[in-house]
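S.K.: Residue numbers for the sequence shown follow our numbering, beginning at 1 and rising by one.
Once you've had a glance at the structure underneath, I'll fire off some questions.
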Amino acid sequence: MLYPVKLYVYDLSKGMARRLSPIMLGKQLDGIWHTSIIVHRDEFFYGSGGISSCAPGGTLLGPPDSIVDLGCTEVTEDLFLEYLASLGESIFRGESYNLFDHNCNTFSNEVAQFLTGRKIPSYITDLPSEVLATPFGQALRPLLDSIQIQPPGGNTFSRHNGQS
């Protein structure tokens, strides 16, 4: 059986990055991207609270700004939940979160490759290095490194509660 896999893409800046980035960074950014994976009727994402899940579009971010079809997977729901639990206990613990180096997009990319063999679009995964390549990005890095993002509205995922 094949299960569809989608990537939900949200602009955390709600359009502000597009307007302000040329002035602040000297280059155009279309958004500050938060992503999640939709599979087996749920939305899965990573933030400073660890791996979370909710009904698709169920965080306070509301509906996604765009949806990318990543294809289909043969990975069953049970196997996927086991995989997520192991990720949540190893490389995607909440305390491992870092805005630039280990974030929701890192998680979405890892999970997309596990499910479909495909990476998420590079305009999303390249964003941190694009920002840090600017003088303003370098100046702000100490402040930005301290930011923890956890979109409200999801339930923390763990092996013990399975599907939360």
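Using N, Cα and C, we set each Cβ at its ideal position, and we do this for glycine too.
Tell whether a beta-carbon distance below 7 Å holds between F100 and P128.
M.R.: Yes; because the gap between Cβ atoms is below 7 Å, this pair is in contact.
S.K.: Measuring alpha carbon to alpha carbon, tell me which of D145, G137, L2 and I147 ends up nearest I23.
M.R.: The shortest Cα separation from I23 among D145, G137, L2 and I147 belongs to G137.
S.K.: So, helix, strand or coil for P142, using DSSP?
M.R.: In this structure, P142 counts as helix in the three-state DSSP scheme.
S.K.: Just the Cα atoms here: how many angstroms apart are S13 and R41?
M.R.: Rounded to whole angstroms, S13 to R41 spans 27 Å at the Cα level.
S.K.: Can you pull the DSSP bridge partners for I38?
M.R.: I38 pairs with K6 and E43.
S.K.: DSSP has V68 in a bridge; who is on the other side?
M.R.: DSSP, once it has assigned bridges, lists L7 as partnering V68.
S.K.: Take H102 as the anchor and find which of R118, P121 and G47 has the nearest alpha-carbon.
M.R.: When each option's Cα is compared against that of H102, the closest is G47.
S.K.: Tell me which same chain residues have a C-beta within less than 8 Å of the C-beta of E74, skipping the five on either side of it?
M.R.: Here the set comprises M1, L2 and Y3.
S.K.: Whose C-beta lies closer than 8 Å to the C-beta of D65 among residues of the same chain, with five residues either side of it excluded?
M.R.: So the qualifying residues of the chain are V9, Y10, D11 and G31.
S.K.: With DSSP as the reference, please indicate the residues paired to C54 in a beta bridge.
M.R.: C54 is bridged to E43.
S.K.: Output the distance between the C-alpha atoms of R19 and N105, rounded to the nearest integer angstrom.
M.R.: Cα to Cα, R19 sits roughly 22 Å from N105.
S.K.: For R118, collect the residues of the same chain with a Cβ closer than 8 Å to its Cβ; drop the 5 residues on either side in sequence, then sort them by chain order.
M.R.: Excluding positions up to five away in sequence, the list reads L70, G71 and A112.
S.K.: If you measure between the beta carbons of I67 and K6, is that distance less than 7 Å?
M.R.: Contact flag set, yes.
S.K.: In terms of residue numbering, what span does the alpha helix (DSSP H) encompassing S21 cover?
M.R.: First-last of the alpha helix (DSSP H) with S21: M16 to M24.
S.K.: By DSSP, does T59 sit in helix, in strand, or in coil?
M.R.: Here T59 sits in coil by DSSP.
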